[in-house]
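Notes follow once the structure below has been shown.
Chains as they are written, first to last, in the working numbering: chain X, 71 to 662; chain V, 71 to 662.
Right under this line is the structure:
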């Protein structure tokens, strides 16, 4: 008797941050999915820690931003230390860690292990999906219609639950419709697929150490770049009073296969002390340490056969210096997960999966480019790195580093409607994530972040900028829009779309019951959703966001904006242009 | 063999909101305490629901404000409906539910049962204190030194765990040092003490009903006062789409002992429909209903023998109309609980317990007075209640209704230092709760609500407005203040005090390590608390709170403010005046 065979819609290999975000979607869509991980336990120390504001927005859409914020070290200001004219280490400049107004969240730092824990907790609150640990992968085969199940479950992965023997009773053949390989820089999945990583190894070796420090260095609780005559040091504040130090280790090389042949904890601490001189540095508690040499590589392809996809470090490796690794990796899965889920749920046409690589490869390429520049910038020694250079450098890359500016429109994507009437919403960028502003609930006057209505629940959002409803002609237009929307395939497929209305006219102008019933009463007009219509007016205390102006939308005529389940804007059109919306949807949704 | 006798420091009778706030303090101080309740289960429906912004601040200091806010219906605006010139019910005016700037929290509504649940969850996270339910109280005796244990445990309460028989094995004699009676309007504890309630019964009968309504009344999700020709109706939005209706029932009287002799659910619904005419009103789901006649009474005394105290409805009853009942009741316990705990922990002198009644009786009296006026105001029929009257009425009582303006200075209290130099902080009111503003963390630039440092952890807070530390003379002054504070009894007793420093000079002016080590390094100067020193400067994006100006404190010289564990200001003085602070403390703290 051979090993047992089981069938699953989606198999996720690797339960790091990228794998867990894929699992989040699988759980939210109620997929028949499994998540396996090679390691017996969750990572608890070290590794990644930087969280961009866009990742915070994603966490918020999962409902876990509050927990992250409560524990994380928030990063407001970078301080730059260099040798002054007298040759003493001195504070040269303070610059903002994050540009003003990009997001309602602040970038912050929290250990990868804790983030994984929060993601797992969130997933387990929703459904039955749980991480299976200590599961070894033995082989991966892509079947080509050689048996009946190859049509539906083309990927075969042989796995073994460790802890038993090598006998068949611990081996299992998993047949999956789709596989997501989220198994890191040394990805087993990637190797099975025979994909190569292209790129280079930078010459510099850095040490990294997480510790509780006792020091008279006054900026130990904020991000610092210290350029001393004895090499460079980066200070990164962390949760629970910890601090992470990145220390440039010159004259140290890594042994074969990245073995820590020369550098030790003592080497790193000694280099850190030299760089911080004349300030003291004592280690009250060591949490983790490592040594790395930067490899900047990107995978040939991100998927094979339209059914095995790679995410995160499995397709791009780089230095930890730009604080992007975990973010870009999770955003890979955030992009891919809802698409695979939509296809498996028979909502989306399978060809939309091609947009994963068209949308994410440019991000990976930018990441490598920014990282190369960053590594070179920081590897430059001492005081010749001018303060102004640092500021310019940060500003040049800020849009990318924040994560909020990423868009795919100019690269083309079936999931972004290129002929959109972008001139109707000049403050909203087609392809980019929808910005969130404070709107006023029509029914109870409560100020509400628009983002709350765009939670990652798997639904597309049709945002109706309804314009000025005190004008009878505009109200009639809106009624026609609603009539057209009722017939659209988005709202016909249950659970795939949601309506959010933002009026330019104030709540006092027209009672909620004067609006088209579809907007607050469901398709039959009989339900009551008192959390679906909002107005763009001052709150009761007079604070005014002016969402129409910020979004560049005409306050009389309004417009129609459609956000994908990942909050990215897929369509912009006039209220009359539901036909174009239907054209867009016809290209991506399945007939039900 | 008689019943078993057990000994406890504090016995709390009643596990409603007032009893649980007392239990919160007992748990936070780690007291040997018990909470018993007559009922077999927690209330799950109906009863109180209004939460003032001050109560939200208290919840925030317990760490549960986020949970409450997430579930509650937030109350931003009151709409006033009356008959228009054509005799039709019409929206006459909208006024703010809460005056601008009183609190960082908004008043809201959530059922009493859910609040009790959140309080119990919070208490159980901290220690071992749990509510014992279905426990009947059989007798209460105040011992007068007739046995050895009367000295230490003067109160004897005989209780019986229900569910067993009447045999001795289910009966227990509890000897307590202190008892808090939080057992409601029909308080058993009060009757045992032979205390009387003084006051009157208003003639009006009201029905109250919690339901999910289907209606075309457009303001069903916000607070409304509806004055129709068919009597008055109040609409109060609630959590989970529910709404509470208060309906004036004219011609209906209550039977003996408040029996619901005439009014039924149908009576109430019919009266509500008449008042709302011509709008429809259907009940999609009934949650709870009741009928009440307003009794406005206050107890003769709030305590007996210096060891049995009454809180909440046990000492004041009134109508639910001002939305104060649960708030004032919890604030009673919030005031009493830390005092009893401090005495039991041998930090405070027993005479401070007298301040409970001196501080809370004026609040109860104001409550009755406001309630009488409110009931009369709303009982007035139809359109002769002018809109302007409503606005004036709300404005006149707003300070009281918000809960934030309550202060005890003018009534005198051993726990408020009357000779304080109040002119040094003209924006802070001696005796009133300390306002919270956003300050900037000195170590990491993170904006922080001052209130977070004043969490209800049982510690007194010494807030050092340190002034401008760029001036050498001011820094020297601060050093002298610190030297004097180290010798003060507050900081000598471990766990009884905490220091919070707010500089007027910016973070860039002086590194944290340039400040007196006491402020961030503990008494020995060797610890590191990076969350104890703040500056009053713009955040990195330029937003400036100007805390010194808001508090009316001189930006050069600063001052010293001391908050009690309940966040009320007990002392205001100059940085040099630690001697006065010691005088204040000598009168209330025990020698340790």
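Backbone N, C-alpha and C define an ideal beta-carbon position, used for all residues, glycine too.
Residue 223 of chain X, DSSP secondary structure in three states: coil
For residue 360 of chain X and residue 565 of chain X, believed in contact at Cβ under 8 Å, the rounded distance: Their Cβ separation, rounded to whole angstroms, is 45 Å, which puts residue 565 of chain X and residue 360 of chain X out of contact at 8 Å.
Neighbour list for residue 292 of chain V in chain X, Cβ cutoff strictly below 8 Å: 513, 514 and 515
Min CB distance residue 280 of chain X to chain V below 8 Å: no
Residue 368 of chain X beta carbon less than 8 Å from that of residue 315 of chain X: no
Completely contained beta strand (DSSP E) runs for the stretch 157 to 198 of chain V, where each covers 3 or more residues: 159 to 166
The stretch 105 to 115 of chain V touching the stretch 597 to 610 of chain X, judged by at least three CB pairs closer than 8 Å: no
CB contact below 8 Å: residue 288 of chain X versus chain V: yes
Beta-carbon proximity of residue 223 of chain V to residue 77 of chain V, cut-off 8 Å: yes
Residue 530 of chain X - partner residues in DSSP beta bridges: X/567
Three-state class that DSSP yields for residue 417 of chain V in the structure shown: coil
Identity of the residue in X/245, X/231, X/208 and X/238 nearest residue 221 of chain X by Cα: X/245
Runs of beta strand (DSSP E) lying entirely within the stretch 497 to 551 of chain X, each at least 3 residues, in chain order: 508 to 511, 517 to 519 and 530 to 537
Contacting positions in the stretch 592 to 611 of chain V - beta carbon closer than 8 Å to chain X: 598, 600, 609, 610 and 611
Alpha-carbon spacing of residue 529 of chain V relative to residue 637 of chain V, whole angstroms: 10 Å
Check whether residue 298 of chain X and residue 520 of chain X have beta carbons under 8 Å apart: no
Residue 254 of chain X beta carbon less than 8 Å from that of residue 383 of chain X: yes
Continuous beta strand (DSSP E) assignments of at least 3 residues falling wholly in the stretch 574 to 648 of chain X: 603 to 605, 629 to 633 and 639 to 643
Residue-level contact to chain X via CB, residue 170 of chain V, 8 Å cutoff: yes
Neighbour-count burial assignment, residue 327 of chain V, 16 or more Cβ in a 10 Å radius: Bear in mind that a pLDDT of 46 at residue 327 of chain V, under 50, signals an unreliable position, so the number given afterwards is only what the model happens to contain. The residue is exposed, with fewer than 16 neighbouring Cβ atoms inside 10 Å.
Which listed residue (X/553, X/398, X/493 and X/388) has its alpha carbon closest to that of residue 476 of chain X: X/398
Nearest-angstrom Cα separation, counted from residue 571 of chain X out to residue 518 of chain X: 13 Å
Contact between the stretch 489 to 500 of chain V and the stretch 144 to 152 of chain V (3+ Cβ pairs under 8 Å): no
Alpha-carbon to alpha-carbon, residue 554 of chain V and residue 648 of chain V: 6 Å
Within-8 Å CB hit, residue 166 of chain V to chain X: yes
For residue 467 of chain X, the three-state DSSP class (helix, strand or coil): helix
Short-range partners of chain V found in the stretch 89 to 102 of chain X, where Cβ spacing is below 8 Å: none
8 Å Cβ cut-off: residues of chain X touching residue 284 of chain V: 598
Three-state secondary structure (DSSP) of residue 351 of chain V: coil
Span of the alpha helix (DSSP H), counted from its first residue to its last, around residue 94 of chain X: 87 to 98
Where residue 383 of chain V sits in the DSSP three-state scheme: helix
Unbroken beta strand (DSSP E) run spanning residue 76 of chain V, endpoints: 74 to 83
Rounded separation between residue 498 of chain V and residue 541 of chain V - CA only: 25 Å
Whether residue 512 of chain V touches residue 582 of chain V by CB criterion (8 Å): yes
Same chain, Cβ closer than 6 Å to residue 622 of chain X, neighbours up to 5 away in sequence not counted: 495, 496 and 497
Chain-ordered neighbours of residue 583 of chain X on chain V, where CB pairs are closer than 8 Å: 286 and 288
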